[in-house]
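Trainee: Residue 319 in our numbering sits at position 102 of the sequence shown; the count goes up by one each step and never skips.
Ideal Cβ placement from N, Cα and C applies to all residues, glycine included.
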Amino acid sequence: MRVAVKESCMVRPAKETPRQRLWLSNLDQLVVKKNDHMMTTMLQPYRPDGRSRNFFDGRVMKESLSQALVTFFPAAGRLARDESGEFEIDCGGQGVLFVEAETDATISDMGDFQPGPQLLQLVPQVDFSKGISSFPLLLVQLTRFRCGGVCLGIGYHHGLSDGTECYNLFTKWASLARGRLPVTANLLPFLDRTILRSRSPPAPTCHFVLNFGWGDPIFTRSPSYEGSRFILSKPNDENDVSSLSINLEAVAMERFKGLFNTTWPQLHSHL
């Protein structure tokens, strides 16, 4: 299968959108720090529709996406770092990459679209080497097949949103392209991620205890699982340490301790 790119552009929100920066949770930070260009990809192939003259018309697709980005404006932003070096989303309306391409293959040639290297041609290819602020967080490629069918290839950054919000964005986009908005497409994105921010110092407000009227239990624990914390220091710097907390079955914990104490003699465990 050969794929040729015919046009590539940035689709920006149809109206002015808020200029702000979105905080990312610790879980998002872990993922982005591991791979700052981790994209979740999906393909949506469609067989040719002989009834519609504007079957996946590029202009309609881009205009409707531009309208959807007014509400879901973080998707048009870029990754950035705050003063402390942590990742965040810069909502500057930079745009979504939209690619139109053609292929000499047919939809039938692709069978059931089994994952493989050739399918990567159906999602926009981006140069991630120029830094986090250079690449879009949402990528779209509309590939037309020789038979008249199309494949919509989408890539969205893992730190952009969860699956529900992405679904709402794509649902609204599709509804705008059809010229109507169902109730589900009117959902607004929830942008205040600070509800996931941990309190400092920790202030737990809920403890799982069963009080039947005769007081609280002395403690709650599993009869078969053991919790330990492991402290590992670097060979040349005893002050540079890492901490690992883990819960395993008691037998497995003993094997775990034996393995690590043999491999790193400087490792200590605290029950």
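Can you check the segment 281-354 for any beta strand (DSSP E) of at least 3 residues that lies completely inside it and give the ranges in chain order?
Mentor: DSSP runs (the beta strand (DSSP E)) wholly in the segment 281-354: 295-298, 304-308 and 313-320.
Trainee: Go to W240, then tell me how far its beta strand (DSSP E) extends in each direction, as first and last residue.
Mentor: Counting along the chain, the beta strand (DSSP E) containing W240 begins and ends at Q237 to W240.
Trainee: Am I right that S415 and N271 are in contact with their C-beta atoms under 8 Å? What's the rounded C-beta distance?
Mentor: The Cβ separation is near 50 Å, so there is no contact.
Trainee: How is E233 classed by DSSP in three states: helix, strand or coil?
Mentor: In this structure, E233 counts as coil in the three-state DSSP scheme.
Trainee: List the residues that DSSP assigns as beta-bridge partners of V228.
Mentor: For V228, which the question treats as bridged, DSSP gives the partners V313.
Trainee: Please classify C364: does DSSP put it in a helix, a strand, or coil?
Mentor: Here C364 sits in coil by DSSP.
Trainee: In angstroms with no decimal places, state the Cα-to-Cα distance between S378 and L239.
Mentor: Between S378 and L239, the C-alpha separation is close to 11 Å.
Trainee: Where Q338 and F352 are concerned, what is the direct C-alpha to C-alpha distance, given to the nearest angstrom?
Mentor: If you take the alpha carbons of Q338 and F352, they lie about 18 Å apart.
Trainee: Measuring CB to CB, does F290 end up less than 8 Å from G267?
Mentor: Cβ atoms of F290 and G267: not closer than 8 Å.
Trainee: Please report the distance separating the alpha-carbon of A297 from that of L408.
Mentor: Their backbone Cα atoms lie some 17 Å apart in a straight line.
Trainee: Any chance the segment 371-387 sits against the segment 322-333, with 3 or more Cβ pairs inside 8 Å?
Mentor: Segments in contact, no.
Trainee: P230 and S283 - do their beta-carbons sit closer together than 8 Å?
Mentor: Result yes, Cβ atoms of S283 and P230 sit closer than 8 Å.
Trainee: Just curious, the alpha helix (DSSP H) that T257 is in, first and last residue?
Mentor: Careful: T257 lies outside any alpha helix (DSSP H), inside the beta strand (DSSP E) at M256 to Y263.
Trainee: Let's see if you can read the secondary structure: which residues bound the alpha helix (DSSP H) around D245?
Mentor: Here the alpha helix (DSSP H) through D245 covers N243 to K251.
Trainee: For G396, does the three-state DSSP call read helix, strand or coil?
Mentor: G396: coil per DSSP, three-state reduction.
Trainee: Taking buried to mean at least 16 other C-beta atoms within 10 Å of its own C-beta, is L247 buried or exposed?
Mentor: Label assigned to L247: exposed.
Trainee: With DSSP as the reference, identify every bridge partner of G185, one or two as the case may be.
Mentor: Only positions 218 to 488 of the chain appear in the structure, and residue 185 is not among them; the question remains open.
Trainee: With DSSP as the reference, please indicate the residues paired to A221 in a beta bridge.
Mentor: Answer is E319.
Trainee: Whole angstroms are fine: how far does the CA of S350 sit from the CA of R295?
Mentor: Taking the straight line from one Cα to the other gives about 5 Å.
Trainee: A318 and V222 - do their beta-carbons sit closer together than 8 Å?
Mentor: Their beta carbons are under 8 Å apart, which means V222 touches A318 by this criterion.
Trainee: On the DSSP bridge assignment, give the partners of G372 in chain order.
Mentor: The partner list for G372 (beta bridge, DSSP) reads T258 and L356.
Trainee: Taking 8 Å as the cut-off, decide whether the C-beta atoms of V343 and L356 are in contact.
Mentor: Against a cut-off of 8 Å, the Cβ pair of L356 and V343 comes out as a contact.
Trainee: Whole angstroms are fine: how far does the CA of V220 sit from the CA of D329?
Mentor: Each residue's Cα considered, the two are about 18 Å apart.
Trainee: What does the alpha-carbon distance come out to for the pair R276 and H375?
Mentor: Going from the Cα of R276 to the Cα of H375 covers about 28 Å.
Trainee: Looking only at its chain, what residues have a beta carbon closer than 6 Å to the beta carbon of M255, apart from the 5 residues adjacent to it on each side?
Mentor: Here the set comprises H375.
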